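Trainee: Before anything else, here's the structure in question.
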Amino acid sequence: MDLDGGNRRVFNRLGGPSTAPTDSSKHQKVCYHWRAGKCNRFPCPFLHRELPAPGPAATANGSGAPKRFADDSGFSGPAARRGPNFNNNHHNSWGRMGANKVVRKTEKVCNYWVQGNCNYGDKCRFLHSWSLGEGFTMLSHLDGHQKVVSGIALPAGLDKLYTGSKDETVRAWDTNSGQCTCVINLGGEVGCMISEGPWLFVGIPNVVKAWNTQTNYELSLTGPVGQVYAMVVGNDLLFAGTQGLLNLRGMHDSESKPVLLCTCNDNSVRLYDLPSFSERGKIFAKQEIRAIEVGPGGLFFTGDGTGYRVWKWAQPIATS
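The end of the sequence shown is residue 320 by full-length UniProt numbering, with every number in the run present.
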């Protein structure tokens with residue numbers, strides 16, 4: 001009866017001198033929580049050290065026969081078929097970690113860094129940053145809302161930024177200091193927010209709130225039934241879309257006539273002539289069209305779960 005077997009296993013798990021590929025070590029895994037610096041299990045059934053790199057004499061099937069991957073068969077082929085730039089030192093950039101032990105950063109933010117408890121620091125293979133790329137940087141982080149931010153607006157000519165949230169409030173922020181200067185309780189979740197000139201429009205259930213940020217004049221526009229999810233200003237009119245409608249955009253067709261584009265939750269876009277609101281066409285998709293944008297030269301764009309599409313108004317047919 002082996003009374004010392006358990007001690008030897010724990011000794012090897014904690015980094016004992018033996019690195020031979022025994023039958024038991026072949027199936028051992030590195031402890032996920034130990035890598036994160038948070039393992040509190042004793043004894044832990046997983047390794048508390050990194051696995052040793054395989055030696056040059058590593059075998060393919062454990063039988064002692066040398067690995068036959070780089071001989072004159074399979075993908076490698078004879079030396080005559082290899083390209084002039086072939087390099088057999090295996091120090092390439094493929095895989096998670098090459099022989100040179102260089103850990104490449106992945107384009108994923110470290111979950112432990114987000115929670116404030118990553119112990120790897122600069123050696124972590126995940127990003128410790130809220131952005132990736134050059135030419136831009138984050139200036140400030142504005143805290144205050146208790147739930148999801150569902151609207152952001154920056155009225156023209158003001159030094160105030162407005163944000164709306166599902167916590168039923170609108171906050172005003174000083175763009176110079178980043179401080180919150182005002183909190184408005186609306187009594188309903190903010191579904192969307194836009195600005196047009198000095199006017200700020202906020203969509204909540206059954207009402208659109210309107211404020212003139214220069215005169216502090218306030219209006220409550222009743223009429224919508226349900227949560228207001230989308231708004232757009234066009235042709236001197238404010239359009240509001242409630243439950244069942246996902247997005248709104250206004251544009252002019254090739255004859256400079258105003259048209260309203262409405263994306264709906266039935267996987268379609270409806271096109272209406274203004275100001276008559278007569279329907280002039282539909283666009284269909286496999287999934288809900290969550291994004292729509294207007295471009296120059298009669299172009300407009302739609303995006304759903306299958307990708308995005310580019311549309312253009314046809315030129316009017318000349319009549320003799």
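Note that CB positions come from ideal geometry on N, CA and C, so glycine has one too. All of these numbers come straight from a predicted model, not from anything done at the bench.
Report back the beta-carbon spacing between residue 259 and residue 273 to the nearest angstrom; my notes put them in contact at under 8 Å.
Mentor: In the sequence shown, residue 259 corresponds to position 259, counting from 1. In the sequence shown, residue 273 corresponds to position 273, counting from 1. Right, the Cβ-Cβ distance comes to about 6 Å (below 8 Å), so this counts as a contact.
Trainee: According to the neighbour-count rule (16 or more other Cβ atoms, all chains shown, within 10 Å of its Cβ), is residue 138 buried or exposed?
Mentor: Position 138 of the sequence shown, counted from the first residue, corresponds to residue 138. The residue in question, residue 138, is exposed, as its Cβ has fewer than 16 Cβ neighbours within 10 Å.
Trainee: Spatial neighbours of residue 140 within its chain, please: CB distance less than 6 Å, with the 5 preceding and 5 following residues excluded, ordered by chain position.
Mentor: Counted from its first residue, the sequence shown places residue 140 at position 140. Answer for residue 140: 178, listed in chain order.
Trainee: Compute the Euclidean distance between the alpha carbons of residue 203 and residue 225, then round it to the nearest angstrom.
Mentor: Here the question's residue 203 lines up with position 203 in the sequence shown. Here the question's residue 225 lines up with position 225 in the sequence shown. Going by the C-alpha atoms only, they are around 11 Å apart.
Trainee: Looking only at its chain, what residues have a beta carbon closer than 7 Å to the beta carbon of residue 184, apart from the 5 residues adjacent to it on each side?
Mentor: Counting from 1 along the sequence shown, the entry for residue 184 is found at position 184. The answer, listed in chain order, is 169 and 170.
Trainee: Quick check on this structure: which residue in 315, 200, 136 and 121 has the alpha carbon closest to the alpha carbon of residue 160?
Mentor: Start at 1 with the first residue of the sequence shown, and residue 160 comes out as number 160. Nearest neighbour of residue 160 by Cα position, chosen from 315, 200, 136 and 121, turns out to be 200.
Trainee: With distances taken Cα to Cα, identify the nearest neighbour of residue 151 among 316, 167, 136 and 289.
Mentor: Numbered from its first residue, the sequence shown carries residue 151 at position 151. Looking at the Cα atoms, 167 is the closest of the given residues.
Trainee: Leaving out the 5 sequence neighbours to the left and right, which residues in its chain are closer than 6 Å to residue 235 when beta-carbon positions are compared?
Mentor: Locating residue 235 in the sequence shown gives position 235, where the first residue counts as 1. 258 and 274.
Trainee: Hey, could you find the ends of the alpha helix (DSSP H) residue 114 is sitting in?
Mentor: For this step, residue 114 is matched to residue 114 along the sequence shown. That run of the alpha helix (DSSP H) goes 111 to 114.
Trainee: Since residue 252 is in the beta strand (DSSP E), which residue starts that stretch and which ends it?
Mentor: Against the sequence shown, residue 252 aligns to sequence position 252. Residues 245 to 252.
Trainee: With a threshold of 6 Å on Cβ separation, who are the neighbours of residue 243 within its own chain once the five nearest residues in sequence on each side are excluded?
Mentor: Position 243 of the sequence shown, counted from the start, is the residue given in the question as residue 243. Same-chain partners within the cutoff: 226 and 227.
Trainee: For residue 108, which residues from the same chain have a beta carbon less than 6 Å from its beta carbon, with the 5 sequence-adjacent residues on both sides left out?
Mentor: As a working note, residue 108 is residue 108 in the sequence shown. For residue 108, where only same-chain residues beyond five positions count, the Cβ hits under 6 Å are 126.
Trainee: Check for me: the alpha helix (DSSP H) holding residue 32 runs from which residue to which?
Mentor: For the purposes of this step, residue 32 is taken as the residue at position 32 of the sequence shown. Looking at the DSSP string, the run of the alpha helix (DSSP H) that includes residue 32 is 32 to 35.
Trainee: By a C-beta neighbour count over all protein chains shown, 10 Å radius and 16 as the cutoff for buried, is residue 26 buried or exposed?
Mentor: Mapped onto the sequence shown, residue 26 falls at position 26. Because residue 26 sits at a pLDDT of 45, beneath the cut-off of 50, its placement in the model cannot be relied upon, and the point is left open.
Trainee: Of the residues 197, 34 and 165, which one's Cα is nearest the Cα of residue 143?
Mentor: Position 143 of the sequence shown holds residue 143. For the residues 197, 34 and 165, the minimum Cα distance to residue 143 belongs to 165.
Trainee: Cβ atoms of residue 230 and residue 264: under 8 Å apart, would you say?
Mentor: Counting from 1 along the sequence shown, the entry for residue 264 is found at position 264. Counting from 1 along the sequence shown, the entry for residue 230 is found at position 230. Using a Cβ distance threshold of 8 Å, residue 264 and residue 230 do not count as a contacting pair.
Trainee: Tell me where the beta strand (DSSP E) around residue 193 begins and ends.
Mentor: If you number the sequence shown from 1, residue 193 lands on position 193. Looking at the DSSP string, the run of the beta strand (DSSP E) that includes residue 193 is 192 to 196.
Trainee: Apart from the five residues just before and just after residue 148, which ones in its own chain have a Cβ nearer than 6 Å to its Cβ?
Mentor: Mapped onto the sequence shown, residue 148 falls at position 148. Excluding sequence neighbours, residue 148 sits near 166.
Trainee: Would you say residue 209 reaches chain B, if we count a Cβ-Cβ gap shorter than 8 Å as a contact?
Mentor: Within the model displayed, chain B is absent; a lone protein chain is all it includes.
Trainee: Whose C-beta lies closer than 7 Å to the C-beta of residue 212 among residues of the same chain, with five residues either side of it excluded?
Mentor: Here the question's residue 212 lines up with position 212 in the sequence shown. Once the five neighbours on either side are set aside, the close Cβ partners of residue 212 are 198 and 199.
Trainee: Rounding to the nearest angstrom, what Cα-Cα distance links residue 121 and residue 31 in this structure?
Mentor: In the sequence shown, the residue the question calls residue 121 occupies position 121. In the sequence shown, the residue the question calls residue 31 occupies position 31. Taking the straight line from one Cα to the other gives about 19 Å.
Trainee: Who pairs with residue 280 in a beta bridge, going by DSSP?
Mentor: Translated into the one-based positions of the sequence shown, residue 280 becomes position 280. Answer by DSSP bridge pairing: none, since residue 280 is not bridged.
Trainee: Considering only the alpha carbon of each residue, which of 303, 298 and 306 lies closest to residue 316?
Mentor: Position 316 of the sequence shown, counted from the first residue, corresponds to residue 316. Closest in C-alpha terms to residue 316, from the list 303, 298 and 306, comes 298.
Trainee: In this structure, how does DSSP classify residue 266 when only helix, strand and coil are distinguished?
Mentor: The count along the sequence shown starts at 1 and reaches residue 266 at position 266. Residue 266: coil per DSSP, three-state reduction.
Trainee: Residues in its own chain within less than 6 Å of residue 28 by CB, not counting five upstream and five downstream?
Mentor: Locating residue 28 in the sequence shown gives position 28, counting from the first residue. Only 47 meet the Cβ criterion.
Trainee: Under 6 Å Cβ to Cβ from residue 186, same chain only, skipping five residues before and after it: list those, please.
Mentor: Your numbering for residue 186 matches position 186 in the sequence shown. 168 and 204.
Trainee: Give the secondary structure of residue 257 by DSSP, where H, G and I count as helix, E and B as strand, and everything else as coil.
Mentor: Taking the first residue of the sequence shown as 1, we reach residue 257 at position 257. The answer is coil: DSSP assigns residue 257 none of H, G, I, E or B.
Trainee: Less than 8 Å separating the beta-carbons of residue 208 and residue 240?
Mentor: One-based indexing of the sequence shown puts residue 208 at position 208. One-based indexing of the sequence shown puts residue 240 at position 240. Yes. Within cutoff.
Trainee: For residue 293, list the residues DSSP reports as bridge partners.
Mentor: Counted from its first residue, the sequence shown places residue 293 at position 293. 301, per the DSSP bridge assignment.
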